[in-house]
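Student: Before I ask anything, let me first share the structure, which is written out below as structure tokens.
In the working numbering, the protein residues as written are 146 to 237.
What follows is the structure, encoded as structure tokens:
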């Protein structure tokens, strides 16, 4: 009989379940920002470059920071080792 064991180093970070959704949110935020890059000069001529370019930079910085937060709080991937009843690794 083989049993699947996980690593003894389990994560205790309470924010770990939110890490992957945060990274997905950051990617979803970045998609319209990248598609709007071609329209930034038009918006800058209509509304002023002092408003448009810092707003675009701030929006991109927030998306990058959310992604970075998710990447640092994501639980580490552990390799599961199939072991026999006596604790030795199973043959492959």
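From the three backbone atoms N, C-alpha and C, an ideal C-beta is built for every residue, glycine too.
Can residue 211 and residue 171 be called in contact, C-beta distance under 9 Å?
Tutor: Against the chain shown, residue 211 aligns to sequence position 66. Against the chain shown, residue 171 aligns to sequence position 26. Yes, they are a contact pair.
Student: Using 8 Å as the threshold, is the stretch 175-190 in touch with the stretch 216-223, meaning 3 or more CB pairs across them?
Tutor: As far as the Cβ criterion goes, the stretch 175-190 does not touch the stretch 216-223, which means the pair count is below three.
Student: Counting only the same chain and skipping the five closest in sequence on each side, list residues whose C-beta sits under 6 Å from that of residue 175.
Tutor: Along the chain shown, read from residue 1 onward, the residue named residue 175 stands at position 30. The answer, listed in chain order, is 208.
Student: Tell me the DSSP secondary structure of residue 215 in three-state form.
Tutor: Taking the first residue of the chain shown as 1, we reach residue 215 at position 70. The answer is helix: DSSP assigns residue 215 an H, G or I state.
Student: May I ask which residues mark the beginning and end of the alpha helix (DSSP H) holding residue 171?
Tutor: To locate residue 171, count along the chain shown from 1; it is residue 26. First-last of the alpha helix (DSSP H) with residue 171: 164-180.
Student: Between which two residues does the alpha helix (DSSP H) containing residue 221 stretch?
Tutor: One-based indexing of the chain shown puts residue 221 at position 76. Segment: none, residue 221 is in no alpha helix (DSSP H) and carries neither H nor E.
Student: What's the gap between the Cα of residue 180 and the Cα of residue 173?
Tutor: Here residue 180 corresponds to residue number 35 of the chain shown, with the count starting at 1. Here residue 173 corresponds to residue number 28 of the chain shown, with the count starting at 1. Cα-Cα distance, rounded: 12 Å.
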